[in-house]
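Going by numbering that gives the first Met the number 0, the first residue of the sequence shown is number 0, and it counts up by one from there. Written out below as structure tokens is the structure these notes cover.
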Amino acid sequence: MTSARPSLLYVTDLTYPANGRRYGDEDTRLTARLREHFDLALCHPLEARALMGRFDAVVVRNSGPVLHYQREYDAFRRAALDAGVRVYNPLTGRGDMAGKQYLLDLDAAGHAVIPTADGDLGPVAARASLPAVDRYVVKPRLGADSVGLRIVAAAALAEQDTGGCLVQPLIPFRHEVSFYYVDQDFQYALYAPDPERRWELVRYGATEADLAFARRFVEWNTLAHGIQRVDACRTEDGELLLVELEDLNPYLSLDLLDDATRENFTRAMRHSVEALLREG
């Protein structure tokens, strides 16, 4: 059967139990709008490799942390690259899509990032290269959604197995804030006023300085097409520091937006996917 409209395989895990977020609701509403312009089918991430060749592009959205199905995701990624399948976001991302090595690289290059040490060097060497604090964060290089993250007292860090992990100081901060982009274009920002309630978000009025901070990381990532979320924390001194650069399947919190902002985002995403298809 042929169609005048491009076809999309939309990858999502509608039942993933995300803390404080409703993956299924977000993707159900977003796909309802995308169907106005594309022939679209939903699939679970474990089905993406088998089905991707039947569609013009694969859109990876709220598919959950890939460390829960790392072998299958790696196989999908290899097969898509080998076959030249168009994937949105493109598989060339340098942020969380490729693991958290970027935090080490950006820190070493002097960017505004939470100080980060390589846990493979061992806990003692890692601590020696970081600011002295009472507690440290040990996070898996391939982690997501805080899976496997540990907060360790300084006195106990030497006893920890930090292989395959990054080590960071646990620093006090005023709040976390996220900046959402489609391609290179800023869409909106949300923040969590209470540091203890990461997903209780409200709209945030980003300043020019805030946007200059976030844009540096979007430009560094060099993704011509795709959705990115720049997660940052504001220290007690007022400085923004990068926490994560989400470029694989960032949750968008679209339900928290007003109608106009949500519509603008959906339109921008649609145009971005169409641009990816034209380039293919």
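Heads up, the beta-carbon is just placed ideally off N, CA and C, and yes, glycines get one too. All of these numbers come straight from a predicted model, not from anything done at the bench.
With DSSP run on the structure shown, which of helix, strand or coil describes Gln-227? What you label residue 227 is simply residue 228 of the sequence shown in a count that begins at 1. Three-state result, Gln-227: strand.
How long is the line joining the alpha carbons of Ser-271 and Glu-278, rounded to whole angstroms? Taking the sequence shown and counting its residues from 1, one reaches residue 271 at position 272. Taking the sequence shown and counting its residues from 1, one reaches residue 278 at position 279. Distance between the alpha carbons of Ser-271 and Glu-278: 11 angstroms.
If you draw a straight line from the C-alpha of Pro-5 to the C-alpha of Glu-175, how long is it? One-based indexing of the sequence shown puts residue 5 at position 6. One-based indexing of the sequence shown puts residue 175 at position 176. Inter-residue distance for Pro-5 and Glu-175 is about 38 angstroms (C-alpha atoms, whole angstroms).
Distance check for Leu-200 and Ala-208, CA to CA, integer angstroms please. Stepping through the sequence shown from its first residue, residue 208 is reached at position 209. Stepping through the sequence shown from its first residue, residue 200 is reached at position 201. Spanning the two alpha carbons is a distance of roughly 21 angstroms.
State the CB to CB distance for the pair Met-9 and Gly-63, rounded to an integer number of angstroms; the pair is presumed to be in contact (CB under 8 angstroms). Here residue 9 refers to the residue found at position 10 of the sequence shown. Here residue 63 refers to the residue found at position 64 of the sequence shown. This sequence places Tyr at residue 9; Met is not what is there. Not a contact, Cβ separation roughly 14 angstroms.
How about Val-151 and Gln-159: do their beta carbons lie closer than 8 angstroms? Working through the sequence shown from its first residue, we reach residue 151 at position 152. Working through the sequence shown from its first residue, we reach residue 159 at position 160. Contact flag set, yes.
Can you give, in chain order, each stretch of the alpha helix (DSSP H) that sits fully within the region 34–65 and has at least 4 residues? 47–50
Assuming Pro-114 is part of the beta strand (DSSP E), what are its boundary residues? Counted from its first residue, the sequence shown places residue 114 at position 115. Per DSSP, Pro-114 is not a residue of any beta strand (DSSP E), being assigned neither H nor E.
Extract the residue ranges of the beta strand (DSSP E) inside the region 178–236, only unbroken runs of 3 or more that lie entirely within it. 184–191, 226–234
Can you tell me the Cβ-Cβ gap for Val-137 and Val-166, rounded? I've got them flagged as a contact below 8 angstroms. By one-based count along the sequence shown, residue 137 stands at place 138. By one-based count along the sequence shown, residue 166 stands at place 167. About 6 angstroms; that satisfies the 8 angstroms criterion.
Under 8 angstroms between the Cβ atoms of Ala-213 and Phe-172? Mapped onto the sequence shown, residue 213 falls at position 214. Mapped onto the sequence shown, residue 172 falls at position 173. No, these two residues do not count as a Cβ contact at 8 angstroms.
Quick check on DSSP: helix, strand or coil for Ser-145? Mapped onto the sequence shown, residue 145 falls at position 146. In the structure shown, Ser-145 falls within a coil segment according to DSSP collapsed to helix, strand and coil.
Check whether Ala-74 and Met-51 have beta carbons under 8 angstroms apart: Residue 74 sits at position 75 when you count from the first residue of the sequence shown. Residue 51 sits at position 52 when you count from the first residue of the sequence shown. Not closer than 8 angstroms, so no.
Can you tell me the Cα-Cα spacing of Thr-1 and Leu-33, whole angstroms? Within the sequence shown, residue 1 is the residue found at index 2, counting from 1. Within the sequence shown, residue 33 is the residue found at index 34, counting from 1. Because the pLDDT at Thr-1 is just 49, under 50, the model does not fix this residue reliably, and the value given afterwards should be weighed accordingly. Distance between the alpha carbons of Thr-1 and Leu-33 is about 19 angstroms.
Can you give me the start and stop residues for the beta strand (DSSP E) that Arg-123 sits inside? In the sequence shown, the residue the question calls residue 123 occupies position 124. The sequence as given places Val at residue 123; Arg does not occur at that position. Where Val-123 is concerned, there is no enclosing beta strand (DSSP E), although the alpha helix (DSSP H) it sits in stretches over 122–127.
Straight-line Cα distance separating Leu-41 from Leu-281: Given a span of 0 to 279 for the chain in the structure shown, any question on residue 281 remains unanswerable.
May I have the straight-line CA-CA distance separating Asp-230 from Ala-267, to the nearest angstrom? Position 231 of the sequence shown, counted from the start, is the residue given in the question as residue 230. Position 268 of the sequence shown, counted from the start, is the residue given in the question as residue 267. Cα to Cα, Asp-230 sits roughly 20 angstroms from Ala-267.
Excluding five sequence neighbours on each side, which residues of the same chain lie with their C-beta closer than 6 angstroms to the C-beta of His-36? Here residue 36 refers to the residue found at position 37 when the sequence shown is read from its first residue. Excluding positions up to five away in sequence, the list reads Arg-269.
According to DSSP, which residues form a beta bridge with Phe-264? By one-based count along the sequence shown, residue 264 stands at place 265. BP columns for Phe-264 are empty, so no partner.
Taking 7 angstroms as the limit between beta carbons, can you name the residues of its chain near Ala-101, skipping five residues before and five after? Along the sequence shown, read from residue 1 onward, the residue named residue 101 stands at position 102. The residue asked about is misnamed: residue 101 is Tyr in this sequence, not Ala. For Tyr-101, where only same-chain residues beyond five positions count, the Cβ hits under 7 angstroms are Arg-93, Gly-94, Leu-244.
For the alpha helix (DSSP H) that contains Ala-76, what are its first and last residues? What you label residue 76 is simply residue 77 of the sequence shown in a count that begins at 1. The question names Ala, but residue 76 is Arg in the sequence shown. Looking at the DSSP string, the run of the alpha helix (DSSP H) that includes Arg-76 is 69–82.
Take Gly-225 as the anchor and find which of Arg-215, Ala-211, Asn-248, Glu-238 has the nearest alpha-carbon. The residue given as residue 225 occupies position 226 in the sequence shown. Selected option, being the one with the closest Cα: Asn-248.
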